[in-house]
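In what follows, a single structure is set out as structure tokens and then discussed.
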Amino acid sequence: AQTKLKEGVTTWLPTTLTQPQEKLVEIVRAIRDWATSAPLNIPGIHLEGPFINREQAGAQNPQFVRPPDLNELRELHQIFPALILSLAPEIPGAFNIIQEASGMGITPSAAHTKADYATVMTATEYGLKHLTHFGNAMTGLHHREIGVVGAGLLEDSLSLELIADGIHLAPEMLELIFARVPRENIMLITDSVSASWQSDGDTSLGGLEVKIKDGIARLKSNGALAGSTLRYNRGLKRIHEITGEPLSAIVATTSWNQATSLGLPKIGKVESGFRADLVILEENFEVSRTLVGGK
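Below is the structure:
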């Protein structure tokens, strides 16, 4: 949490991995117990998995992938609010849990998925709203089947989460997204792992061995990207460099868009009556100071 403050983050959703049910319960309880004393806002969590497609597991541990279980989701949500549920919409039972999650105030997001375009569109009718780490661990754009990526580029009902490290998405892809997708539908994320402030070396992620080299985290087993080491302020700088747009034109993609998409009140912009969550940046986008609630 302290390192997130150094990146200019004032509100954070800790993100879980695909793990056994009892382990997830333990993790969510730990987050709940710690959140009240955390130095930044933690209104809830992001459940990434375990209801994903094993064939698109990426850096999620396929051993613990399982079918959608509404009782499991309810248990975790009751311990501490789940604000985002990332899942594969094509797996049996996904539409029902998307609908139920929406009714619980959870934002359903497609991730680690082999869904085709039609399935994504059907999922939106049940309440699908986001595409997690857009372009990664999902079906790509093809001229005969535009897949999840095509749905994100074409359909304005979907919000896209972008890892702006220049590794997960090519600069040209980021240019395309900013040229095509409505600005209010774009949300910058880091997808960063706990080793994001550490030097190159070995670490682990959800029980899988990871090697960080030149700041890039990859699974040792197959070389798949394993999250990022991106710092949030540097992702914003990257977008500024790629698009050429001023900070004033892109800052909402780091704050207001996320707050409104998740229904978080009184945060995300500088206005009377809102929380005084402020980030002061140097000209080079390094963080000079982060204020949470004016402190």
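The opening residue of the sequence shown carries number 22 in the working numbering; numbering runs sequentially from there.
We put the CB at the ideal spot given by N, CA and C, even for glycine.
Keep in mind the model is a prediction, meaning the values are calculated, not measured.
Hey, LEU149 and GLU182 are a contact pair by Cβ (cut 8 Å); roughly how many whole angstroms apart? About 13 Å separates the two Cβ atoms, so there is no contact after all.
Leaving out five residues before and five after ASP54 in sequence, what residues of the same chain have Cβ atoms less than 8 Å from its Cβ? none
Between the Cα of LEU61 and the Cα atoms of TYR253, GLU193, LEU34 and ILE105, which residue gives the shortest distance? LEU34
Please work out which residues of its chain come closer than 8 Å, Cβ to Cβ, to ASN206, disregarding the five sequence neighbours upstream and downstream, and give them in chain order. ASP177, LEU179, SER180, LEU181 and ASN278
Please state the DSSP three-state secondary structure of LYS25. helix
With respect to the alpha helix (DSSP H) encompassing ILE167, which residues constitute its N-terminal and C-terminal limits? Segment: none, ILE167 is in no alpha helix (DSSP H) and carries neither H nor E.
According to DSSP, simplified to helix, strand and coil, what is ASP54? helix
Suppose contacts are defined by Cβ-Cβ distances below 8 Å. Is PHE101 in contact with ILE167 by that definition? no
Using the C-alpha atoms, what's the distance from GLY314 back to ARG296? 6 Å
ARG255: buried (16+ other C-beta within 10 angstroms of its C-beta) or exposed? buried
Going by C-alpha distance, which of ILE233, GLY156, LEU229 and GLU121 is nearest ALA144? GLU121
Which complete alpha helix (DSSP H) runs does the stretch 109-177 hold, if anything under 4 residues is left out? 115-124, 138-147 and 168-175
DSSP state of SER217, grouped into three classes? coil
Would you say the stretch 235-242 touches the stretch 63-75, given that touching needs at least three Cβ pairs under 8 Å? no
Where does VAL308 fall in DSSP's three states? strand
Pairs of beta-carbons, one from the stretch 35-46 and one from the stretch 257-264, closer than 8 Å: are there three or more? no
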